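Protein sequences, first through last, are from chains A and X. Just add 95 to wherever you are in the first sequence, counting from 1, and you've got our numbering. Just add 3 to wherever you are in the second sequence, counting from 1, and you've got our numbering. Think of the CB as a built atom: it goes at the ideal place given N, C-alpha and C, for glycine as much as any other residue. Note that the structure is predicted; figures quoted are calculated from it, not measured. A short write-up of the structure that comes next.
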Amino acid sequence: NPYAGLVSRLRAAWLSGKTRPVEYRVAQLEALGRFLDEKKQDILEATAMDMGKPPFEAEFSEILLCKNELNETLNNLSRWRKDEHVDKNLVTQLDSVFIRKDPYGVVLIIAPWNYPIHLVLMPLIGAIAAGNCVIVKPSEVTKNSQRLVAEVLPSYLDNDCFAVVTAGMLETTRLLENKFDYIFFTGTPSVGKIVMTAAAKHLTPVTLELGGKNPCYVSDTCDVQNVARRVAWGRFFNAGQTCVAPDYVLCSVEMQEKLLPALREAIADFYGSDPQESPDFGRIVGDKQFQRLQALLRGGHVAIGGQTDEAKRYIAPTVLVDSQPSDPVMQEEIFGPILPIVNVANMDEAVDFINRRERPLVVYAFSSDDKVVNQVLERTSSGGFCGNDTLMHVTLTSMPFGGIGNSGLGTYHGKFTFDTFTHRRSCVRRSMGRETLNALRYPPYSQQKLGIVRAASEVKRKGACTLL
Amino acid sequence: NPYAGLVSRLRAAWLSGKTRPVEYRVAQLEALGRFLDEKKQDILEATAMDMGKPSFEAYFTEILLCKNELNDTLNNLSCWMKDEHVDKNLVTQLDSVFIRKDPYGVVLIIAPWNYPIHLVLMPLIGAIAAGNCVIVKPSEIAKNTERLVAEMLTCYLDNDCFAVVTAGMLETTRLLENKFDYIFFTGAPSVGRIIMTAAAKHLTPVTLELGGKNPCYVSDTCDVQNVARRVAWGRFFNAGQTCIAPDYVLCSVEMQEKLMPALREAITEFFGSNPQESPDFGRIVGDKQFRRIRALLCSGRVAIGGQTDEKERYIAPTVLADVLPSDPAMQEEIFGPILPIVVVANVDEAIEFINARPRPLAIYAFSCDSKVVNQVLERTSSGGFCGNDTLMHVTLTSMPFGGIGNSGLGKYHGKFTFDTFTHHRGCLHRNMGLEALNALRYPPYSQQKLGLLTATFEIKRKGMCTLL
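Given below as structure tokens:
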């Protein structure tokens, strides 16, 4: 077991109590802040080299959103950490009754390649804030960001308690043989199953941020140009390599007719007449992923884009029309700059279509009619939901971000990250004396004792009055 | 797959939306209340037949605590179910930003035999309150209560959405092949691993309420008689068959000397000079369990009790002195009326002893010195904690009940049960218009846009003033 030494070293550090004081945690978090400031250029360069990520996108997603999570955490940590005093009953009136926020211990964070800094730092911030020791395994697919995390991050953090492991598939399997106290995984559902199965051997709690095909319903009553811009933005950001990107559109044949010119215009507004020349459009991360996407293109009816350049791993912002549920592009999460449009007669058909499939990370619905948006929200189930826009719901630190069913389990961002990595330990501290208070519960039992115990501990149903 | 039909029937019922309206959920919950009232005698009789449970204990644990959970839920359900509006940032000021409380879908609850009604109803109440459909699998070991649950519960609940399955080990394995949307399991850690592994195949989230050896540290400064009563109560309640019972005592050799006569006195107070004749002391649930517990008696030396009667499955309230870590009683969760005392030199040794072992469901610490109690709390990790008493921390609906590490994952009771069975769905509902607000985020990108976007999005670190 090649990682046994590392894991036990971190476990010993955790048992030593080093990560418990708030000052220690704040110092580590502030160090992460300095990493984001001092290594900003390196982060922009690494992600540009790894997947042609435009610096604007990298700065927004890899740096700004992480700094927000950091500041939100630093601003609130003392409060989040505090013992939470809760309601007492009659019997416990004189006792100390509270929820203690304990760390889990040694946490493993496995990050994917599409937002390689963001998806390491966002969970890492909460894990550190909650007082854990952490092993981070960045993605081996994005070699430059992996190197940045593996070589630079450890120089900012206390190496007694935090470590970075670089590992491919095989080594990660070995790593997972060890006992961790929490595992946070972002990646595909198929690997999520493998991670959870490994976690089950040690009864390790997990958060799995997975994926799926995020449907985007566009009703007939909408501002077509606005919809086209917002959907195109969500789809083509990071060249489509975003777990919350709108994966496919559901709309009527009439709306498809209107959307096409609007999408064409939005794409031209964003990237010019030849997106391959735009500095603002990314590239596919690797050859394997490129070939996968190229195959999806072949099975579809290209209405916009469709051009590819294998040497540059460039796939043009593409829209497919009249996509069928049986098309290759509808069989898997696209994770690329291809937007299929599937025709449905009306909202009911769209909702049925969505509900027959795996529950996605997000459902999108566009309509000028609030009732339509609310209907889609009410009648579907997904990790998150956004009406009349894409991606935005995950930028708020006040909102829980996570999947359901095939798209994942657990939530994080902001306080939800701190809570993810915190064990809420219920605590009661009673007096050594005042034994008479306990007399009623002891044998020998009697009906009289039972009556009084009941009166002292029962929770009554609050009266329901009907005021006319 | 013998259960496929049942599971898909319940899934269809869930997709029909039948369980969503609050009135429906309240009606089902009120029906559970009637079950507890009308079938009270049956519950007392069934648990008496299954494990000689004294009716006082059965009333308190199987009925009163469940009614409290029911009433707490009914009193608060509207409030818990509501969309939770959360903090917005500058960009989303005009939007609707909230957390929607969605059910998971079809939930499976697997209950054990020791509190057979309680451990079915407590999770069931929250699962129903959260709007799920539920399959309940009561324990096949407590035959009379299994029959009661299977035959009676279905008369009170809507059979479209709720079902009871009676199954042994093999059938339960088949049941677990189906895809559930949440699995709630109470039982042994070894079976917990099997459940989580089965759940991983479908990426089903789980709550596992497991067990372990709950240590009970008794410091040298305490009221020995009070400690003896409180520990004896916790240990011998339900003949020791309680997941949060104090499993073993850690104390100094001097304290062991003092505790022994105090424990003898407490046991006599509770159960008389011959506990086998007391109506207030339970029996072991089955022959297999009886033999297992009896075998643990050859640990240390029997200082109190030790008598057994195989025919009645009676094991006397027993205290073992000078037990060694290598003795049989220290190798597994005892789950019977035997209390081993393990001698340690001081609180530091006690804490080391506890931390060298799997993390338990509860840790108990007795001391007149609150600093000692706090030390044990600070330096150990467990599901829950109780200072100067046993069992009491789980009787409050305001406190989360659950384990950590080997003793489980997840928590419930009160609102925590509702939250366990609820998917917190982050929702953002934006305006179809107001497109100007989005202009900054679209390509073509520019430093100026980035600057403005940062200004609208960023969360600043709150200033720290040092007031001297």
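If you ignore the 5 residues before and after A/T517, its C-beta comes within less than 6 Å of the C-beta of K196, A225, all in its own chain and listed in chain order. Within its own chain, the residues whose Cβ lies closer than 8 Å to the Cβ of A/D318, once the five positions on either side in sequence are excluded, are S463, listed in chain order. The beta carbon of A/H213 does not come within 8 Å of any beta carbon belonging to chain X, so the residue lies off that interface. The alpha-carbon separation between X/A51 and X/P57 amounts to approximately 6 Å. Contact of X/N135 with chain A is not assigned, every C-beta pair being separated by 8 Å or more.
Here X/M172 is exposed, its C-beta having fewer than 16 other C-beta atoms within 10 Å. Among the CB atoms of chain A, none fall inside 8 Å of the CB of X/S19. Apart from the 5 residues on each side of it in sequence, A/P412 sits with its Cβ closer than 6 Å to the Cβ of F331, I362, P370, G400, P432 in its chain, given in chain order. Taking 9 Å as the Cβ-Cβ cut-off, the segment 149 to 160 of chain A approaches chain X at P149, P150, F151, E152, E154, F155, L159, L160, given in chain order. Taking C-beta separations shorter than 6 Å and ignoring five residues to either side along the sequence, the partners of X/C371 in its chain run T224, C225, following chain order. Neighbours of A/S526 in chain X, taken as residues at a C-beta separation under 8 Å, are given in chain order as N391. In this chain, A/G482 is not harboured by any alpha helix (DSSP H); it is covered by the beta strand (DSSP E) spanning 479 to 482. For the options A/V229, A/T237, A/L265, A/R242, the alpha carbon positioned closest to that of A/N254 is the one of A/V229.
When Cβ-Cβ separations below 8 Å define contact, A/K135 makes no contact with chain X.
Three or more beta-carbon pairs separated by less than 8 Å link the segment 158 to 170 of chain X to the segment 15 to 28 of chain X, which places the two stretches in contact.
Inclusion of A/A357 and A/L243 in the CB contact set at 8 Å is not warranted, their separation being larger than that value.
Taking C-beta atoms as the reference points, X/F460 and X/V94 count as a pair closer than 8 Å. In terms of Cα proximity to A/G478, the closest of A/N309, A/F365, A/K407, A/A534 is A/N309. Ranked by Cα distance from X/Y118, the options X/V230, X/L440, X/G243, X/R233 are led by X/G243. Taking X/R304 as the centre and dropping the five residues before and after it, the same chain places the C-beta of L323, A324, D325 closer than 8 Å to its C-beta, in chain order. The beta carbon of A/G395 sits closer than 7 Å to those of L415, S418, D422, V424, P435, all from its chain and outside the five residues before and after it, given in chain order. Judged by DSSP secondary structure, X/K104 falls within the beta strand (DSSP E) whose first and last residues are 99 to 106. Taken atom to atom, the span from the alpha-carbon of X/D312 to that of X/P278 is near 12 Å. Looking at A/R519, A/R520, A/S552, the one whose alpha-carbon comes closest to that of A/L532 is A/S552.
X/I287 sits away from X/L394, with the two beta carbons spaced by 8 Å or more. Around the CB of A/N333, 16 or more other CB atoms lie within 10 Å, so the residue is classed as buried. In summary, the residues of the segment 361 to 389 of chain A whose CB is separated from some CB of chain X by less than 8 Å are D364, F365, Y366, G367, S373, P374, D375, F376, in the order they occur in the chain.
With respect to X/K91, X/L111 sits apart: the two C-beta atoms are not nearer than 8 Å.
Counting the other Cβ atoms within 10 Å of the Cβ of A/G377 gives 16 or more, which makes it buried. With distances taken between CA atoms, A/S103 lies nearest to A/A258 out of A/V290, A/N239, A/A258, A/R520.
Looking at the backbone, the Cα of A/Y98 and that of A/R106 are separated by about 12 Å. At a cut-off of 8 Å, the C-beta of A/P495 has a neighbouring C-beta in chain X. Annotation: X/K463 is outside any alpha helix (DSSP H) and is labelled neither H nor E by DSSP. A/H488 is classed as buried because its beta carbon has at least 16 other beta carbons within 10 Å across all chains shown. By the Cβ-count criterion, A/R393 is exposed, with fewer than 16 other Cβ atoms from all chains shown falling within 10 Å of its own Cβ.
In this structure the segment 359 to 366 of chain X touches the segment 400 to 412 of chain X; the number of beta carbon pairs closer than 8 Å is three or more.
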